[in-house]
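Residue numbers (the numbering used here): 756 to 985.
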């Protein structure tokens, strides 16, 4: 219930902000494919879109995505939506709050609210988020940490960690990723490897940036990392 109330409050603020002057800044469409070491017949597919808007001295980002886990006979799907409200700081840094909603299976709902921030140190960007998650009758705490380093304007490496904790249960995942942006269009292609408590996950990713500020880094989608639990 707490998560639902906070999410409703953020939506109310966003609706009020929508009446102010909004300017689209940047967007991204991404697609990821995942393969699993312990389940080679299973694949994970994630399609997402994100967009950021300037609203006076503040910013707003919206996310939407679909995740499919399949063995090419049966499949399980998850649909997600998220809202971020933040205050831009100097040099691409920003701090804010977010709310996200996911639904998977017949009727499993996941609510997530939290705080997030991003700091820029030249070629290095650091991003962190802490969230409170409600799923069915269970509550969890989660944290995300990511570091991005631009080796060149086209080539970037990323290392990240995800932690989930509940009394008597914990889960962690560690990811390394490399991506290359094509020289003529803002299309980035990359590969990743994620080590979880139970599996190793290989990933391939493609993302296309658009809008007047395609170089601006968006916050990560705060969708539940459904694909990591397989």
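Positions of the beta carbon are idealized from the N, C-alpha and C atoms, including for glycine.
Note that the structure is predicted; figures quoted are calculated from it, not measured.
Could you give the distance in angstroms between the alpha-carbon of residue i and the alpha-carbon of residue j?
i	j	result
residue 954	residue 982	11 angstroms
residue 841	residue 796	41 angstroms
residue 779	residue 966	7 angstroms
residue 865	residue 875	31 angstroms
residue 911	residue 926	27 angstroms
residue 964	residue 812	23 angstroms
residue 897	residue 916	11 angstroms
residue 995	residue 972	The shown model of the chain, from 756 to 985, leaves out residue 995, and the question about it has no answer.
residue 952	residue 902	21 angstroms
residue 830	residue 949	22 angstroms
residue 958	residue 934	11 angstroms
residue 873	residue 848	5 angstroms
residue 861	residue 930	30 angstroms
residue 942	residue 913	17 angstroms
residue 809	residue 968	11 angstroms
residue 833	residue 970	29 angstroms
residue 976	residue 815	13 angstroms
residue 777	residue 843	15 angstroms
Quick check on the DSSP output: the beta strand (DSSP E) that includes residue i runs from which residue to which?
i	result
residue 846	From DSSP, residue 846 is part of no beta strand (DSSP E); its letter is neither H nor E.
residue 944	942-951
residue 893	893-905
residue 932	924-936
residue 909	It is not in any beta strand (DSSP E) - residue 909 carries neither H nor E in the DSSP assignment.
In the DSSP output, which residue or residues are listed as bridge partners for residue i?
i	result
residue 794	Bridge partners of residue 794: none, in fact.
residue 829	Per DSSP, none; premise fails for residue 829.
residue 874	881
residue 973	DSSP, once it has assigned bridges, lists no residue as partnering residue 973.
residue 957	790, 948
residue 754	A question about residue 754 goes unanswered here, because the residues of the chain that appear run from 756 up to 985.
How close, in whole Å, do the beta carbons of residue i and residue j come, if the pair is a contact with beta carbons under 8 angstroms?
i	j	result
residue 799	residue 974	With 8 angstroms as the limit, residue 799 and residue 974 do not qualify as a contact, their Cβ atoms being about 22 angstroms apart.
residue 783	residue 947	Their Cβ separation, rounded to whole angstroms, is 16 angstroms, which puts residue 783 and residue 947 out of contact at 8 angstroms.
residue 856	residue 835	7 angstroms
residue 960	residue 787	5 angstroms
Between residue i and chain B, is the shortest Cβ-Cβ distance under 8 angstroms, so that the two count as touching?
i	result
residue 832	No chain B is part of this structure, which consists of one protein chain only.
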